[in-house]
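A short write-up of the structure that comes next.
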Amino acid sequence: MPLQLACHPHLTLNAKKSAPLSQRLMTLMKPYGCYAVSVYSVISIVDFTIAIAGVNLLGVNYVSSVAASAKVWVLSLVYSHPPEPGREIEELSQSMAAGVQEGLYAMLLLAWTLRKTLFVPVRIGLTAAFTPRLVNWLRARGWVSGEGTRRAMQEMRERLKDRD
Numbered sequence: 065m066p067l068q069l070a071c072h073p074h075l076t077l078n079a080k081k082s083a084p085l086s087q088r089l090m091t092l093m094k095p096y097g098c099y100a101v102s103v104y105s106v107i108s109i110v111d112f113t114i115a116i117a118g119v120n121l122l123g124v125n126y127v128s129s130v131a132a133s134a135k136v137w138v139l140s141l142v143y144s145h146p147p148e149p150g151r152e153i154e155e156l157s158q159s160m161a162a163g164v165q166e167g168l169y170a171m172l173l174l175a176w177t178l179r180k181t182l183f184v185p186v187r188i189g190l191t192a193a194f195t196p197r198l199v200n201w202l203r204a205r206g207w208v209s210g211e212g213t214r215r216a217m218q219e220m221r222e223r224l225k226d227r228d
């Protein structure tokens, strides 16, 4: 299905359905530019919020325990010799004191990781689906070009004046 270009409505762009999502996003960026970036940014904010909510539903304590076990696993890969005797107890008491802050950092890190790994195909697919529709909707109202932006601002000013 050919896409119409936002900056040149008389040109079309053929997007292959078999192309990878990242390639389809790059194909979308050329004609739609800032509109595609805006849609992608809004969807990114929404999916990061969903990821934080999901991690928060799991619980900060669970996220902290996962982070602590991940830290132990990484440290076991880094250090080839066993830690000094008594050092584990000292580190445990320090980590218990900073548990809440570490839990917040762990929650944000886990949410960011989920967002970057699991939500990328969804985010790119939604951007590819909504951007052409948004640009067509804006074009139908005459808001796509610089002249359209001025017209949209004037229309909004009139609406605000009518409301008062």
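First residue of the sequence shown: 65, per the numbering used here; consecutive thereafter. Positions of the beta carbon are idealized from the N, C-alpha and C atoms, including for glycine.
Rounded C-alpha distance that separates residue i from residue j
i	j	result
R203	I114	31 Å
L172	A193	28 Å
M93	I116	28 Å
V130	A216	50 Å
C98	R179	22 Å
L141	A132	14 Å
I107	T91	18 Å
V138	S86	31 Å
Residue i classed as buried or exposed, judged by whether at least 16 other C-beta atoms fall within 10 angstroms
i	result
D111	buried
L75	Residue confidence is low: L75 scores 38 on pLDDT, short of 50, so the model does not pin down where it sits. No coordinate-derived value is stated.
T181	exposed
A83	exposed
Anticipated Cβ contact below 8 Å, residue i with residue j, distance rounded
i	j	result
Y96	R187	That pair is no contact at about 16 Å.
Under 8 Å between C-beta atoms of residue i and residue j
i	j	result
L89	T177	no
V136	A175	no
T195	A100	yes
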